[in-house]
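K.L.:
If you read the protein sequences in the order shown, they are chains F and S. Residue 76 is where the first sequence starts when you use this note's numbering, and the numbers rise one by one after that. Residue 23 is where the second sequence starts when you use this note's numbering, and the numbers rise one by one after that.
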Amino acid sequence: VVETFAALAEPNRFRIVELLRAGPRSVNDIGERLALNQPQVSKHLRVLKQAGLVDVEPRAQQRLYGLRAQPLRRLREWLERYRRLWDARFDELTELIDELKRKEMSDGRKKGR
Amino acid sequence: MVARKVADAPVNPTSMDLEGDRALVIARAFDAPARIVFEAWTRADLVRRWWAPRSHQVSVVSCEADVRVGGRFRYVMRKDGSRDDLAFSGEYREVTPWSRLVYTHVFEPAGGPPALVTVTFEERDGKTHLVAHELYPSAEVREAVLASGMEHGMRETLDQLEALVASLH
């Protein structure tokens, strides 16, 4: 998964992955849409392919690059689980904060008397 | 670099974003003044009440915090049924009451260089918007932290997993 993170950390690679979410595209197509030259796109695609994020499929006269769901799915699973840990913490923190607020209000009333 | 929304369910108020390849940004709003949220975040006797969520089958063993620049904190939790202490500790670098904290943070069993955590408490319309920015020493360490979330005894139902997978498309 660290390969997934590393591959996605580069902004242009992230843009390529975002673009490919809509469906497979050719190198030229990707380059045109993201205003990158062909060698740049090929270089990024090579890294993405190594990280297992994209696959190539030959279609008619061209080679199309498409997303592979597996590594992204795992990344999202991990993130979601970590988010849930924090969410559970924050739920308990919210309860505590409500209690502190109530206490402060009742203390305030006592002082006001 | 732009923070990416990668895991943020609309029904759930805690957001978690990846930023660059080393940082994680966690955010949540609380219906209370910043003063109260800041106290609950820093005072050891209060931290012990929320740091180890019951729903994750963990409890706090000890909690100490000397909240001033150069002061240290150490929180220890234990998973139910386990004898291993899981200690998190660090040092305060910046303490601005009710608005901003900067501290180092290390998971002791893993060791290595610490993460740098910046927490901001911003009060707007009576609510406090808390943002915790965790900067890890490397992409690998951030990955390990995310992976460790899986060991906190969370029980996944098949439905949740399916919903997650569906959200990819």
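Here a beta-carbon is modelled for each residue, glycine too, at the ideal position from N, C-alpha and C. Note that this is a predicted model, so its numbers are computed, not measured.
1) Use the C-beta contact count for residue 69(S): other C-beta atoms within 10 angstroms, 16 or more gives buried, fewer gives exposed.
2) Could you give the first and the last residue of the continuous alpha helix (DSSP H) run that contains residue 155(S)?
3) For the alpha helix (DSSP H) that residue 49(S) lies in, which residues bound it at each end?
4) Distance check for residue 99(F) and residue 105(S), CA to CA, integer angstroms please.
5) For residue 121(S), tell me which candidate among 134(S), 61(S) and 130(S) has the shortest Cα-Cα distance.
6) With three or more beta-carbon pairs closer than 8 angstroms as the criterion, would you say the region 106-123 of chain F touches the region 157-164 of chain F?
7) Kindly indicate which three-state DSSP category residue 34(S) falls into: helix, strand or coil?
8) Would residue 42(S) and residue 84(F) be called neighbours here (beta carbons separated by less than 8 angstroms)?
9) For residue 81(F), does the three-state DSSP call read helix, strand or coil?
10) Using the Cα positions of residue 138(S) and residue 134(F), report the straight-line distance between them to the nearest angstrom.
11) Straight-line CA distance for residue 147(S) to residue 152(F)?
12) Which word fits residue 80(S), buried or exposed, when buried means at least 16 other C-beta atoms lie within 10 angstroms of its C-beta?
13) Look at the Cβ atom of residue 101(F), then the Cβ atom of residue 138(F), and state whether they are nearer than 8 angstroms.
14) In chain order, what residues of the same chain have a beta carbon less than 7 angstroms from the beta carbon of residue 116(S), not counting five sequence neighbours either side?
15) Assign residue 181(F) to buried or exposed, taking buried as 16 or more other Cβ atoms, counted over all protein chains shown, within 10 Å of its Cβ.
16) Between the C-alpha atoms of residue 157(S) and residue 47(S), what's the straight-line distance to the nearest angstrom?
17) Look at residue 142(S) and residue 54(S) and say whether their C-beta atoms are less than 8 angstroms apart.
18) Between the C-alpha atoms of residue 166(F) and residue 176(F), what's the straight-line distance to the nearest angstrom?
19) Nearest CA to the CA of residue 131(S): which residue from 50(S), 102(S), 84(S) and 167(S)?
20) Terminal residues of the continuous alpha helix (DSSP H) containing residue 136(F)?
21) Measuring only the C-alpha atoms, how far is residue 163(S) from residue 170(F)?
22) List, in order along the chain, the chain S residues whose C-beta lies closer than 7 angstroms to that of residue 95(F)?
23) In this structure, how does DSSP classify residue 112(S) when only helix, strand and coil are distinguished?
24) Using a Cβ-Cβ cutoff of less than 7 angstroms, which residues in the same chain neighbour residue 89(S) once the five nearest sequence positions on both sides are dropped?
25) Quick check on residue 129(F): buried or exposed, where buried means 16 or more other Cβ atoms within 10 Å of its Cβ?
26) Is there a Cβ of chain F sitting closer than 8 angstroms to that of residue 92(S), yes or no?
27) Under a CB-based cut-off of 8 angstroms, is residue 36(S) close to chain F?
P.N.:
This is what the structure holds:
1) With a 10 Å radius around the Cβ and a threshold of 16 neighbouring Cβ atoms, residue 69(S) comes out buried.
2) Premise fails: residue 155(S) lies in the beta strand (DSSP E), 149-157, not in any alpha helix (DSSP H).
3) Per DSSP, residue 49(S) belongs to no alpha helix (DSSP H); it is in the beta strand (DSSP E), 45-52.
4) 50 angstroms
5) 61(S)
6) Judged by Cβ distances under 8 angstroms, the region 106-123 of chain F makes no contact with the region 157-164 of chain F, as fewer than three pairs qualify.
7) Low local confidence applies: a pLDDT of 45 at residue 34(S) is under 50, so the model's placement there is unreliable, and no value is given.
8) yes
9) helix
10) For residue 138(S) and residue 134(F), the distance between alpha carbons rounds to 48 angstroms.
11) 34 angstroms
12) buried
13) yes
14) Excluding residues within five positions, the ones whose Cβ falls inside 7 angstroms are 91, 122, 123 and 124.
15) exposed
16) Cα to Cα, residue 157(S) sits roughly 9 angstroms from residue 47(S).
17) Taking a C-beta distance under 8 angstroms as the contact criterion, residue 142(S) and residue 54(S) do not qualify as a contact pair.
18) 15 angstroms
19) 167(S)
20) Run containing residue 136(F): none; DSSP gives neither H nor E here.
21) 31 angstroms
22) Going along chain S, no residue has its Cβ under 7 angstroms from residue 95(F), so there is no contact; the nearest lies around 13 angstroms.
23) strand
24) 64, 114 and 117
25) buried
26) Not closer than 8 angstroms to any Cβ of chain F, the Cβ of residue 92(S) fails to qualify, so no.
27) Yes - at least one Cβ of chain F is within 8 angstroms of the one on residue 36(S).
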